[in-house]
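All you need for this note's numbering is the position in the sequence shown, starting with 1, plus 129.
Cβ coordinates follow ideal geometry from the N, Cα and C atoms, glycine included.
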Amino acid sequence: MLKPEEILELTIETGYKKTKKSFLSKIILGFIGGAMISLGYLAYIRVISSIAHDFGSFASFIGACVFPIGLIVILLAGGELATGNMMAVFTAFLGKKIKFTDYIKNLLVITFSNFIGAVFVAYVFGHIVGLTSSGIYLEETIAIASAKINATFIQALLSGIGCNWFVGLSLWLCYGSTTDSGKILSTWFPVMTFVAIGFQHSIANIFVIFAAIFENQATILQFINNFIPVFIGNVLGGAIFVGALYFYSYKKH
Numbered sequence: 130m131l132k133p134e135e136i137l138e139l140t141i142e143t144g145y146k147k148t149k150k151s152f153l154s155k156i157i158l159g160f161i162g163g164a165m166i167s168l169g170y171l172a173y174i175r176v177i178s179s180i181a182h183d184f185g186s187f188a189s190f191i192g193a194c195v196f197p198i199g200l201i202v203i204l205l206a207g208g209e210l211a212t213g214n215m216m217a218v219f220t221a222f223l224g225k226k227i228k229f230t231d232y233i234k235n236l237l238v239i240t241f242s243n244f245i246g247a248v249f250v251a252y253v254f255g256h257i258v259g260l261t262s263s264g265i266y267l268e269e270t271i272a273i274a275s276a277k278i279n280a281t282f283i284q285a286l287l288s289g290i291g292c293n294w295f296v297g298l299s300l301w302l303c304y305g306s307t308t309d310s311g312k313i314l315s316t317w318f319p320v321m322t323f324v325a326i327g328f329q330h331s332i333a334n335i336f337v338i339f340a341a342i343f344e345n346q347a348t349i350l351q352f353i354n355n356f357i358p359v360f361i362g363n364v365l366g367g368a369i370f371v372g373a374l375y376f377y378s379y380k381k382h
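1) Determine, using beta-carbon pairs with one atom in the stretch 322 to 330 and one in the stretch 242 to 257, whether at least three such pairs fall under 8 Å.
2) Could you have a look at K155 and say whether DSSP puts it in helix, strand or coil?
3) My parser needs the alpha helix (DSSP H) runs of 4 or more residues fully inside the stretch 196 to 268; what are they?
4) Among V250, A274, M321, which one has its Cα closest to the Cα of T348?
5) With a cut-off of 8 Å, do at least 3 Cβ pairs link the stretch 161 to 171 to the stretch 242 to 254?
6) Hey, out of I203, R175, N363, T143, whose CA is closest to G264's CA?
7) Of all Cβ atoms in chain D, is any one closer than 8 Å to the Cβ of T316?
8) Tell whether a beta-carbon distance below 8 Å holds between K147 and V218.
9) Looking at the structure shown, is K149 part of a helix, part of a strand, or coil, going by DSSP?
10) Check whether the Cβ atoms of I201 and W317 sit closer than 8 Å, and answer yes or no.
11) Can you name, in chain order, every residue of its own chain whose Cβ lies under 6 Å from the Cβ of G362, other than the five neighbours on each side?
12) If you follow the alpha helix (DSSP H) that G305 is in, where does it begin and where does it stop?
13) What's the C-alpha gap between S315 and I141?
14) Whose CA, out of F343, N345, N293, T308, lies closest to the CA of T212?
15) Check for me: the alpha helix (DSSP H) holding A347 runs from which residue to which?
16) Please return the same chain residues whose Cβ sits closer than 8 Å to the Cβ of V238, not counting the five positions on each side in sequence.
17) What residue range is occupied by the uninterrupted alpha helix (DSSP H) comprising V337?
18) Compute the distance between the beta-carbons of E268 and I177, then report whether it is under 8 Å.
19) Among residues of its own chain, excluding the 5 on either side of N243, which ones have a beta-carbon nearer than 8 Å to its beta-carbon?
20) Exposed or buried, what is S310 when buried is set at 16 or more other beta-carbons lying within 10 Å of its beta-carbon?
21) Run the CB neighbour count on P319, radius 10 Å, all protein chains shown included, and call it buried at 16 or more, exposed below.
22) Thinking C-alpha only, which one of D183, I283, I198 is nearest S299?
23) Check L131 in the structure and name its three-state DSSP category.
24) Going along the chain, which residues of its own chain have a beta-carbon closer than 8 Å to the beta-carbon of K226, five neighbours each way excluded?
25) How far does the alpha helix (DSSP H) with F323 in it extend, from its first residue to its last?
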């Protein structure tokens with residue numbers, strides 16, 4: 130592992146490079162990011178649906194173990210994810226490598242392309258292929274989506290903070306690892322933990338709520354009412370609780 134001060138400098142540089150990618154590159158990599166996170170969530174649903182009632186909370190733990198594959202693929206193979214950029218690109222802003230408008234522009238483009246990737250997986254693999262549209266898999270999808278959209282604004286906001294605190298830490302540890310196996314483990318455990326706890330991830334929520342929408346079990350308005358507070362919470366969790374705290378702890382001023 131690199132030292133924390135070295136991880137900070139690498140994070141600043143990584144965040145800076147993310148803003149300098151071409152628009153087409155951001156769109157493509159953002160689509161991949163949204164799709165990979167959604168496929169990780171799809172794996173979660175397929176794994177736990179048949180054991181949820183028998184194993185209780187342990188079923189959530191088993192599902193949480195497979196969910197991180199999405200972020201692992203993004204970080205090792207390539208991809209852009211809004212929740213990760215909330216931390217990395219904001220750290221570049223704190224390091225005065227970019228302007229705040231660059232941060233906002235990057236977040237908007239990546240979030241949009243993540244949205245397309247997540248809806249694509251929900252419709253093509255969830256609805257058309259039928260992986261979330263029938264039997265116990267539909268029941269689990271509806272149960273998960275309902276729990277998210279029934280949360281109050283403050284519950285969704287705080288849950289979003291908790292989620293991206295862990296996601297930001299997974300990126301921080303991944304950047305600090307010098308081996309592929311270390312990067313995988315560094316990503317896996319924080320992400321597994323936030324999923325097992327039940328914190329809300331705005332991009333993953335796009336997938337599961339739209340999977341319910343395609344089966345007429347949720348509405349666009351319910352999605353919007355969930356997405357806004359979770360997204361704000363994700364921004365605060367990544368930018369403040371990871372990026373800002375570590376920046377002001379380890380940066381030499």
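Judging by the given coordinates:
1) no
2) helix
3) 198 to 206, 211 to 223, 229 to 250
4) A274
5) yes
6) R175
7) The structure shown contains no chain D, having only a single protein chain.
8) yes
9) coil
10) yes
11) L286, G289, I290
12) 282 to 305
13) 19 Å
14) N293
15) Segment: none, A347 is in no alpha helix (DSSP H) and carries neither H nor E.
16) F152, K155, I156, G159
17) 331 to 342
18) no
19) G159, F160, G162, G163, I166, E209, L210, A211, I332, I335
20) exposed
21) buried
22) I198
23) coil
24) I141, E142, G144, Y145
25) 309 to 326
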